[in-house]
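**Q** The structure's right below; bear with me while I get my questions together.
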Amino acid sequence: MASSIRVRATAGAETTEVQALMQHPMDSGFVKNAKGELIPAHHIETVQFETGGKVVFTALWGPAVSKDPFIKFSFKGGKKGDDLKITWVDNKGATDTTTAKIM
Amino acid sequence: MRIITSIIVGAALLLTVAVAQAAETAETFNAAYAKAEAANKKAGELRNQWTTTVAALKGAKKAADEGNFDAATNLAKRAEALANASIAQTEREVKLWPDAVVR
Amino acid sequence: MMRGLALLMALAMLAGTQIARAEVTASTPENDFKAFRNFFTNKFPKVPLNDFVNGPYSMDEGLRKQWIAKEDFPPYDFALDHGKELFEKPFKNGKTFADCFPNKGIGIRQNYPYFDDKTNEVITLELAVNQCLEKNGEKPYNYMKDDMAAVTAYMAFTSRGKPFDIKIPKDNPKAVEAYEKGKQYFYQRRGQLNFSCASCHIQAPGERIRAEVLAPALGILNAMPIYRSEWGGMGTISRRFTSCNSQVRGVPLEPQAPEYRNLEYYLSYMANGLPVSGPGSRP
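Chains as they are written, first to last, in the numbering used here: chain A, 1 to 103; chain B, 104 to 206; chain C, 207 to 489.
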């Protein structure tokens, strides 16, 4: 089964730029279905990016982030060929992780 | 003699109107609903039913189920008017569309 | 003598006018195509021809910038991967989609819809996908989203860049009739709001309807199926046609109704020569 995380990390002279797309319903818990019942909250709570044994980025997400969230950021450091590990955990305790090589 | 006739006719008319406004019944509702349904069916054959017609029919049924035949009949009459308008729209548009074609 | 001359001249003028009028109003798909194309290139002289397939992004610079930023990691990525899996997975009888389509189903999107002269109807890609499933004893997909969107996304992707090549066999009057019916559907007003497709996509491309920027009708199907932010997911041509109907307060027809297939035939023919850009993403 394909991972729910797509990631691309590109190392520049001093910083590495990371883009990631995650597949997740990100239900806020405030939306009602066709029958008028509330769709329970089901969204990612934390996302963590690690490389070289260090966490370089942590995101704390909640109901305001939309479905299939996309994130783009840069961090200082990072070398071509290094591993970048991404993990998300959602409010139901489910988790997914993937590792990609920095290009 | 004429004046008395007029008064009697007038009173009779008032009485009819008063009776009509006082109580729509299941029978009068059913008749109005059947007419509306028939018109909407014709609109369906012309492949141009309006969503608002369908909503009015639904509302009419719901009001009738709750025993509110005045409201139900009003909605059924509105549904019939909407359905007839959608039929008229198709009959008109079937002739007018060529004028809109980009030349 | 003078009267005779005047009569002759009047007759000649009349004849001349009638001939001219016949030429101007001769309605053929080819003439329609030219008029349609010229309408958009004249209205938007700065838009490169192939850019029209990008819909609202060809009309609004701000939207375009956001779109380009997103295309690095397009939201249809997941559906595309899923579509490839579905496309390659064998049916219970061992066959695959490749057995139903020319060229094994790869790089053929630009030929759809086509007119089937055995059944005398327009065959769209979505219809063909479900016909393939049914022929092989599988359950057909819901036309609007999910698996249908995923499979058609993959098939569109294998044709990216290829110019639309829709054929209207001139020797088959039923094909021309289907085309003409599609054209009628496009221009005929419907729904309580009394809009036709042309009301938005011919009269007002680049303008806004509420918060949305309207796409030009030229090439409007080239990016299908799309991941639409408004839908929070993928949608097919069937989904777009039915939702456009309900948006003008018209009860949608059934997905892949003959009217919709004829409409797709007309719009796709109008886009001949323009590249397949699907799958796409839209606001």
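Beta carbons: idealized from backbone N, C-alpha and C, even for Gly.
Would you say Cys403 of chain C faces chain B, with C-beta separation under 8 Å as the test?
**A** So no, Cys403 of chain C is outside the interface.
**Q** Closest Cβ-Cβ distance between Phe242 of chain C and chain B: below 8 Å?
**A** Answer yes: the Cβ-Cβ gap between Phe242 of chain C and chain B drops below 8 Å somewhere.
**Q** Helix, strand or coil, according to DSSP, for Met26 of chain A in the structure here?
**A** Three-state DSSP puts Met26 of chain A in coil, outside helix and strand.
**Q** According to DSSP, Trp153 of chain B sits in a beta bridge with which residue or residues?
**A** Its beta-bridge partners are C:Gly456.
**Q** Comparing the C-beta of Pro489 of chain C with each C-beta of chain A, is any distance below 8 Å?
**A** So, not an interface residue.
**Q** Please list the partners that Lys101 of chain A has in chain C, where partner means a Cβ-to-Cβ separation under 7 Å.
**A** What Lys101 of chain A touches in chain C: nothing, since even the nearest Cβ is about 17 Å away.
**Q** Compile a chain-ordered list of the residues in the region 282 to 299 of chain C whose CB is closer than 7 Å to at least one CB of chain F.
**A** Going by chain labels, chain F is absent from the structure shown, which instead holds the protein chains A, B and C.
**Q** Look at Arg488 of chain C and Arg455 of chain C and say whether their C-beta atoms are less than 8 Å apart.
**A** Going by C-beta atoms, Arg488 of chain C is not nearer than 8 Å to Arg455 of chain C.
**Q** Across which residues does DSSP place Arg414 of chain C in a beta bridge pair?
**A** Bridge partners of Arg414 of chain C: C:Val419.
**Q** Using a Cβ cut-off of 8 Å (strictly closer), state whether Gln192 of chain B contacts chain C.
**A** Chain C, which has a Cβ nearer than 8 Å to the Cβ of Gln192 of chain B, makes this yes.
**Q** Return the residue from the list A:Thr51, A:Pro63 and A:Gly77 that minimises the CA-CA distance to Thr87 of chain A.
**A** Among A:Thr51, A:Pro63 and A:Gly77, the Cα nearest to that of Thr87 of chain A is on A:Thr51.
**Q** Hey, Gly397 of chain C and Asn451 of chain C are a contact pair by Cβ (cut 8 Å); roughly how many whole angstroms apart?
**A** About 7 Å separates the two Cβ atoms, so the contact holds.
**Q** Within 8 Å of any Cβ in chain B, is that where the Cβ of Val382 of chain C sits?
**A** No, no contact with chain B.
**Q** Considering only residues of the same chain and omitting the five flanking positions on each side of Val259 of chain C, which have a CB-CB separation below 7 Å?
**A** So the list reads Gly425, Asn428, Ala429, Leu480, Pro481 and Ser483, once near-sequence residues are dropped.
**Q** Listed in chain order, which residues of the region 455 to 468 of chain C have Cβ atoms closer than 7 Å to some Cβ of chain B?
**A** Here the close residues are Arg455, Gly456, Val457, Leu459 and Glu465.
**Q** How far does the beta strand (DSSP E) with Asp96 of chain A in it reach, from first residue to last?
**A** Counting along the chain, the beta strand (DSSP E) containing Asp96 of chain A begins and ends at Thr95 to Lys101.
**Q** Considering only the alpha carbon of each residue, which of C:Leu399, C:Lys249, C:Asn309 and C:Glu277 lies closest to Met265 of chain C?
**A** Comparing Cα-Cα distances from Met265 of chain C to each of C:Leu399, C:Lys249, C:Asn309 and C:Glu277, the minimum goes to C:Lys249.
**Q** Would you mind telling me which residues of chain A sit closer than 7 Å to Asp278 of chain C, beta carbon to beta carbon, in chain order?
**A** The contacting residues are Gln19.
**Q** Looking at chain A, which residues of the region 302 to 322 of chain C have a Cβ within less than 7 Å of any of its Cβ atoms?
**A** Correct list: empty, as no residue qualifies.
**Q** Out of C:Lys345, C:Asp352 and C:Glu291, which one is the CA nearest neighbour of Gly439 of chain C?
**A** Taking only the C-alpha atoms, the option nearest Gly439 of chain C is C:Asp352.
**Q** DSSP three-state call for Asp83 of chain A: helix, strand or coil?
**A** Strand, per DSSP.
**Q** Could you list which residues in chain C have their beta carbon closer than 7 Å to that of Asn151 of chain B, in chain order?
**A** Near Asn151 of chain B (Cβ distances below 7 Å), the residues of chain C are Arg396 and Gly456.
**Q** At a cut-off of 7 Å, is Asp377 of chain C close to the ligand COA when judged by its beta-carbon and the heavy atoms of the ligand?
**A** Ligands are entirely absent from the displayed structure, and the ligand COA is therefore not among its contents.
**Q** Please decide whether Ser370 of chain C counts as near chain B, where near means a Cβ-Cβ distance under 8 Å.
**A** Checking the sequence shown, residue 370 of chain C turns out to be Phe, not Ser. Cβ-Cβ to chain B under 8 Å: no for Phe370 of chain C.
**Q** May I ask you to list, following chain order, the residues of the region 50 to 72 of chain A that have a beta carbon less than 9 Å from some beta carbon of chain C?
**A** For the region 50 to 72 of chain A, which is checked against every Cβ of chain C, the residues closer than 9 Å are Ser66, Lys67, Asp68, Phe70 and Lys72.
**Q** Would you list the residues sitting across from Trp273 of chain C in a DSSP beta bridge?
**A** According to DSSP, Trp273 of chain C bridges with nothing at all.
**Q** According to the Cβ coordinates, are Val457 of chain C and Val197 of chain B closer than 8 Å?
**A** No, the pair does not count as a contact, with Cβ atoms beyond the cut-off.
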